[in-house]
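Notes follow the structure.
Number of protein chains: 2
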Amino acid sequence: MRESLIKAAFQLFLDRGFEQTTIDDIVALAGVGRRSFFRYFPSKEDVVFPDHEGCLVEMTEYLRDAPADGDPVQQVCEAARLVLRMYAADPLFSVQRYRLTREVPGLRAHELSVVWRYELALAEHLRERGAGRADGALRADVVAAAVVAAHNHALRTWLRAGGEGDVQAAMDQALGYVVRAFSDSAGPHGGGGTDGVDGERPDEEVVVLLARKGTPLWRVVRDVEGALGGS
Amino acid sequence: MRESLIKAAFQLFLDRGFEQTTIDDIVALAGVGRRSFFRYFPSKEDVVFPDHEGCLVEMTEYLRDAPADGDPVQQVCEAARLVLRMYAADPLFSVQRYRLTREVPGLRAHELSVVWRYELALAEHLRERGAGRADGALRADVVAAAVVAAHNHALRTWLRAGGEGDVQAAMDQALGYVVRAFSDSAGPHGGGGTDGVDGERPDEEVVVLLARKGTPLWRVVRDVEGALGGS
DNA sequence: AGAAGTGATGGCACTCAGTACCCTCGATTA
DNA sequence: TAATCGAGGGTACTGAGTGCCATCACTTCT
Numbered sequence: 001m002r003e004s005l006i007k008a009a010f011q012l013f014l015d016r017g018f019e020q021t022t023i024d025d026i027v028a029l030a031g032v033g034r035r036s037f038f039r040y041f042p043s044k045e046d047v048v049f050p051d052h053e054g055c056l057v058e059m060t061e062y063l064r065d066a067p068a069d070g071d072p073v074q075q076v077c078e079a080a081r082l083v084l085r086m087y088a089a090d091p092l093f094s095v096q097r098y099r100l101t102r103e104v105p106g107l108r109a110h111e112l113s114v115v116w117r118y119e120l121a122l123a124e125h126l127r128e129r130g131a132g133r134a135d136g137a138l139r140a141d142v143v144a145a146a147v148v149a150a151h152n153h154a155l156r157t158w159l160r161a162g163g164e165g166d167v168q169a170a171m172d173q174a175l176g177y178v179v180r181a182f183s184d185s186a187g188p189h190g191g192g193g194t195d196g197v198d199g200e201r202p203d204e205e206v207v208v209l210l211a212r213k214g215t216p217l218w219r220v221v222r223d224v225e226g227a228l229g230g231s
Numbered sequence: 001m002r003e004s005l006i007k008a009a010f011q012l013f014l015d016r017g018f019e020q021t022t023i024d025d026i027v028a029l030a031g032v033g034r035r036s037f038f039r040y041f042p043s044k045e046d047v048v049f050p051d052h053e054g055c056l057v058e059m060t061e062y063l064r065d066a067p068a069d070g071d072p073v074q075q076v077c078e079a080a081r082l083v084l085r086m087y088a089a090d091p092l093f094s095v096q097r098y099r100l101t102r103e104v105p106g107l108r109a110h111e112l113s114v115v116w117r118y119e120l121a122l123a124e125h126l127r128e129r130g131a132g133r134a135d136g137a138l139r140a141d142v143v144a145a146a147v148v149a150a151h152n153h154a155l156r157t158w159l160r161a162g163g164e165g166d167v168q169a170a171m172d173q174a175l176g177y178v179v180r181a182f183s184d185s186a187g188p189h190g191g192g193g194t195d196g197v198d199g200e201r202p203d204e205e206v207v208v209l210l211a212r213k214g215t216p217l218w219r220v221v222r223d224v225e226g227a228l229g230g231s
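Chain order of the listed sequences is A and B.
To convert, note that position 230 of the first sequence is 230 in our numbering; the numbers rise steadily by one, no gaps.
To convert, note that position 127 of the second sequence is 127 in our numbering; the numbers rise steadily by one, no gaps.
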């Protein structure tokens with residue numbers, strides 16, 4: 001029922017456009033009553049984002065159950081990856097939706113309010129877990145916004161390319177940039193290389209590398225290669 | 001005419017609520033025809049943000065006319081201050097509007113799409129002026145989002161306090177945090193702090209790199225390159 | 001089995017935002 | 001004086017969203 005409504009809606013939206021399609025058109029094609037549409041979707045816009053409500057719940061639970069001694073920024077990055085995975089799970093659908101939201105202002109506005117709720121959840125998590133820090137609330141808002149922006153950047157680039165290519169890699173790079181900018185131990189110039197290699201357990205083996213500044217790069221690479229390649 | 005519509009609308013919105021007020025109520029109180037309302041405001045929501053369209057134009061022109069050899073990040077921060085000044089110019093109005101947008105989902109969504117257009121303009125400016133840098137587009141999106149988040153944080157804090165206190169000071173602090181996070185090390189604008197908090201990198205010459213086993217080599221190399229070759 | 005409850009669905013009527021079209025009126029201009 | 005034009009007003013329409021009630025299938029209790 002839900003599925004048939006979504007299917008009928010997208011068929012019509014892609015064919016004749018979002019605004020040119022009425023609820024009556026959708027329910028007629030789906031073969032259900034008009035009233036039933038609003039039982040499954042609170043608004044016409046919501047049928048375009050059928051999985052976001054569940055994804056938001058999933059993300060919220062993930063953050064709630066995250067270990068209290070972990071790095072909140074990393075946890076928030078991982079939460080963003082959760083959302084990205086939802087998009088990546090159905091590239092065709094995501095690309096079609098992207099084309100729709102790009103040209104229909106009403107859908108863009110609706111997507112913004114959906115994304116805003118993700119950002120709120122991230123900021124709240126950072127605020128709670130990053131307590132004790134000066135400017136904690138400010139930092140929480142800014143980092144959450146940056147993570148969302150990085151997510152959106154990677155996602156949009158991938159969607160614009162028609163869903164071809166490696167979203168995850170783009171996401172790694174984008175989140176890496178954000179994490180580096182906001183990590184305590186180092187500025188944007190590097191260090192903090194622990195940025196989001198996929199969500200491994202915290203007790204995973206790590207390599208610690210010490211090098212003097214000015215060390216020839218080839219030498220470092222040789223050492224790192226030996227240490228990392230062993231796995 | 002425009003003013004009388006705004007005045008009538010806010011009077012009713014604050015009295016009986018946004019959704020409980022119809023367009024007919026507003027035009028009846030203002031003593032004008034219903035059709036005239038939509039001549040001045042494209043939607044019921046727009047009457048709550050009467051000055052944003054002009055402010056967006058103003059901000060766009062400011063960025064367009066900004067000197068080409070200035071720091072784009074600083075220019076974007078100044079553009080955000082422009083918007084903040086618009087709010088600060090009428091504290092009572094801004095506080096009333098804040099209370100409305102906080103509790104009416106439709107208004108929140110509308111505000112989000114307004115803010116999104118500001119963010120777009122900032123990102124575009126950063127993309128154009130910050131050319132030549134690797135990851136320029138990503139950086140533009142993230143910095144724009146961070147600046148907007150800092151602006152919103154300072155603004156919301158001030159609005160929650162009822163419009164009392166110094167917004168400009170809060171804005172300085174918030175933007176300062178963002179600028180510090182994204183400044184290149186040894187950047188031209190003072191305080192070469194390369195990270196969020198005060199922890200300056202001690203002057204010793206050792207770089208510590210942490211990486212999980214299985215980390216792609218290219219990423220390690222990238223980070224090491226930045227850390228070792230940076231100075 | 002029959003009655004009664006329950007949840008999913010369909011139908012109908014209504015409110016209200018937003019739009020298209022046309023009217024009026026006053027001011028300007030040929 | 002006649003033609004034009006622009007601001008405002010009125011009317012009727014479309015379509016989203018809601019409330020209310022009827023229907024139907026399925027279950028549960030007696």
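Ideal placement from N, C-alpha and C gives every residue a C-beta, glycine not left out.
Nothing here was measured: the structure is a model prediction, and the numbers come from that model.
Would you please verify whether the beta carbon of residue i is less than 8 angstroms from any beta carbon of chain A?
i: Trp158/B; result: no
i: His153/B; result: yes
i: Tyr177/B; result: yes
i: Asp234/B; result: Here chain B has residues from 1 to 231 only, and residue 234/B is not among them.
i: Pro202/B; result: At Pro202/B the pLDDT is 41, less than 50, meaning the model places this residue with poor confidence; the figure from the coordinates comes in the next sentence. Answer no: the Cβ-Cβ gap between Pro202/B and chain A never drops below 8 angstroms.
i: Ser113/B; result: yes
i: Leu138/B; result: yes
i: Glu78/B; result: no
i: Val148/B; result: yes
i: Ala121/B; result: no
i: Ala145/B; result: yes
Quick one: give me the first and last residue of the alpha helix (DSSP H) that residue i is part of.
i: Gln168/A; result: 167–182
i: Asp135/A; result: Looking at the DSSP string, Asp135/A is not in any alpha helix (DSSP H), and its letter there is neither H nor E.
i: Ala28/A; result: 23–30
i: Ala109/B; result: 105–129
i: Glu239/A; result: No information on residue 239/A is available, as it lies outside the stretch 1 to 231 that chain A covers here.
Going by other Cβ atoms of all chains shown within 10 Å of its Cβ, with 16 needed for buried, is residue i buried or exposed?
i: Arg256/B; result: Since the first residue shown for chain B is 1 and the last is 231, residue 256/B is missing from the structure and cannot be characterised.
i: Ala169/A; result: exposed
i: Arg35/B; result: exposed
i: Lys44/B; result: buried
i: Ala161/B; result: exposed
i: Met232/B; result: Absent from the structure is residue 232/B, since the part of chain B shown begins at 1 and ends at 231.
i: Val57/A; result: exposed
i: Gly199/A; result: Summary for Gly199/A: the model assigns pLDDT 39, below 50, so the residue's position carries little reliability; its value from the coordinates is reported in the next sentence. It is exposed - the Cβ of Gly199/A has fewer than 16 other Cβ atoms within 10 Å.
i: Leu126/A; result: buried
i: Leu92/B; result: exposed
i: Pro105/B; result: exposed
i: Gln20/B; result: exposed
i: Arg180/A; result: buried
i: Pro42/B; result: exposed
i: Arg39/A; result: exposed
i: Thr22/A; result: exposed
Give the secondary structure of residue i by DSSP, where H, G and I count as helix, E and B as strand, and everything else as coil.
i: Ala89/A; result: coil
i: Ala9/B; result: helix
i: Glu45/B; result: helix
i: Phe38/A; result: helix
i: Asp15/A; result: helix
i: Met59/A; result: helix
i: Gly33/B; result: coil
i: Arg201/A; result: Annotation note: pLDDT 40 at Arg201/A (below 50); position unreliable, no value reported.
i: Gly70/A; result: coil
i: Gln20/A; result: coil
Output yes if chain B places a C-beta closer than 8 angstroms to the C-beta of residue i; else output no.
i: Phe182/A; result: yes
i: Val73/A; result: no
i: Asp141/A; result: yes
i: Glu19/A; result: no
i: Ala109/A; result: yes
i: Ala30/A; result: no
i: Ala174/A; result: yes
i: Ala66/A; result: no
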